[in-house]
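Numbering (the numbering used here), first residue to last: -9 to 381.
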Amino acid sequence: MPLALLALTISAFAIGTTEFVIVGLVPTIAQQLGVSVPSAGLLVSIYALGVATGAPVLTALTARVPRKALLIGLMVLFTLGNLLAWQSPNYSTLVIARLLTGLAHGVFFSIGSTIATSLVAKEKAASAIALMFGGLTVALVTGVPLGTFIGQYFGWRETFLAVSLIGVIAIIASAILVPNNIKNKPAARIADQVKVLMNPRLLLIYTITALGYGGVFTTFTFLAPMMQEQAGFSASMVSWILLAYGVSVAIGNIWGGKLADRHGAVKALTIIFAALTVLLLIFQFTSGFGIPALITLLMMGVFAFGNVPGLQVYVVQKAEEVTPNAVDVASGLNIAAFNVGIALGSVIGGQVVSTLGLAQTPWIGAIIVAGALLFTRLSGRLDRKPTTSPA
């Protein structure tokens, strides 16, 4: 794999840490800012909305900017957003900081996916994307538990200061490792962008992405309070649980990329979504018991993010077929779909927590993921339909 992928992975690690560390800090932020747990959980939704907005819109607007300069600029914006979060005096300022970092996130993963696939042979595309997104999983393994530990013992603001330092390292890595000669794809015309938005095959994949991710985040957003209040673990144990969960996610991400390379995106996604639906239903019954809850959670981790490489390579491959002049835009919209799912999942989860209680989030998530499974099967069936060519 090219060395430039390492720079993408380091940046993804920084971004993944700031995105997911909120999950471990929800109880701490709620207590220190005097807001409810669902309100603190909304910080996940707000960040995701920033990503969903930034991915398609800013990706299109920055199509002519040199790729290396754009990557560095995005990480500068990301770092400034985290410094603002560090200095946030109240909830409103923290909301603004989360939106800024979310905007940088959206564009980064949109162009990062296409850069990653352009650096390797076609048959290694999913593995290249998995390596880049591996930064997210490493963030779950180390960044999120460490950030949660810092937040619990020194205050949540210091967590964002630490993430800012990681952002500086990512800027340096991008400046050194990313080559200057990465070619820009031609800027997509407005007509091509509209074609992406109107194409039913791409819209179907975006729906799969949103449902597959949204179902997970219905429960994942409130993982820390669930493991404390439902499973009976202490607050200090949450960091270790997140560490163990991150290890299982890292394994699942690599495995998911290899599965998509070997069997194709549709078959890989079918396996992953089916397993995830079953595990969420099992978690519904085990979440109130310490060790069974932990075992179920670790098994879920293997599948929860294993769908990312398959989903991203699927949309890039389909866009190359149906909208070849707007692949970056199509990729950006899939990043938006991931985060629309995260936003909806965390909002739905918050409503469930407010009305039915923490214990009811897993079965709601299972229903949403089952929807992703059904649409995946439909998409696979459409892929197999023979196309008629003119005589």
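Think of the CB as a built atom: it goes at the ideal place given N, C-alpha and C, for glycine as much as any other residue.
If you're wondering where the values come from, they're calculated on a predicted model, not measured in any experiment.
Helix or strand or just coil, what does DSSP make of residue i?
i, result
"residue 300", "helix"
"residue 52", "coil"
"residue 313", "coil"
"residue 110", "coil"
"residue 368", "helix"
"residue 279", "coil"
"residue 347", "coil"
"residue 103", "helix"
From residue i to residue j, what does the alpha carbon distance come to, in whole angstroms?
i, j, result
"residue 256", "residue 367", "7 Å"
"residue 382", "residue 5", "The structure shown has nothing for residue 382, since the chain only spans -9 to 381."
"residue 98", "residue 188", "24 Å"
"residue 229", "residue 314", "44 Å"
"residue 3", "residue 85", "22 Å"
"residue 297", "residue 65", "25 Å"
"residue 242", "residue 300", "12 Å"
"residue 15", "residue 215", "10 Å"
"residue 22", "residue -6", "40 Å"
"residue 152", "residue 311", "42 Å"
"residue 209", "residue 348", "9 Å"
"residue 93", "residue 119", "20 Å"
"residue 73", "residue 90", "11 Å"
"residue 185", "residue 305", "14 Å"
"residue 278", "residue 221", "5 Å"
"residue 338", "residue 124", "27 Å"
Could you pull the start and end residues of the alpha helix (DSSP H) that residue i belongs to?
i, result
"residue 21", "-6 to 23"
"residue 135", "134 to 144"
"residue 274", "255 to 276"
"residue 216", "Careful: residue 216 lies outside any alpha helix (DSSP H) and carries neither H nor E."
"residue 169", "Looking at the DSSP string, residue 169 is not in any alpha helix (DSSP H), and its letter there is neither H nor E."
"residue 79", "Element bounds for residue 79: n/a, residue is neither H nor E."
"residue 200", "190 to 210"
Quick one: is residue i near chain D, going by C-beta distance under 9 Å?
i, result
"residue 117", "Among the protein chains of the structure shown there is no chain D, as only one such chain exists."
Can you find at least 3 beta carbon pairs, one from the stretch 226 to 236 and one from the stretch 128 to 139, that sit closer than 8 Å?
-> yes
Give a yes or no on contact between the stretch 350 to 369 and the stretch 262 to 278, applying the rule of three or more CB pairs nearer than 8 Å.
-> Because the criterion of three Cβ pairs below 8 Å is met, the stretch 350 to 369 and the stretch 262 to 278 touch.
Say whether the stretch 38 to 46 touches the stretch 325 to 342, bearing in mind that this needs 3 or more beta-carbon pairs closer than 8 Å, one atom from each stretch.
-> With a cut-off of 8 Å, the stretch 325 to 342 and the stretch 38 to 46 count as touching, because enough Cβ pairs lie within range.
Meets three-Cβ-pair contact criterion under 8 Å: the stretch 321 to 329 and the stretch 197 to 216 | yes
Three or more C-beta pairs below 8 Å linking the stretch 54 to 65 and the stretch 148 to 168 | yes
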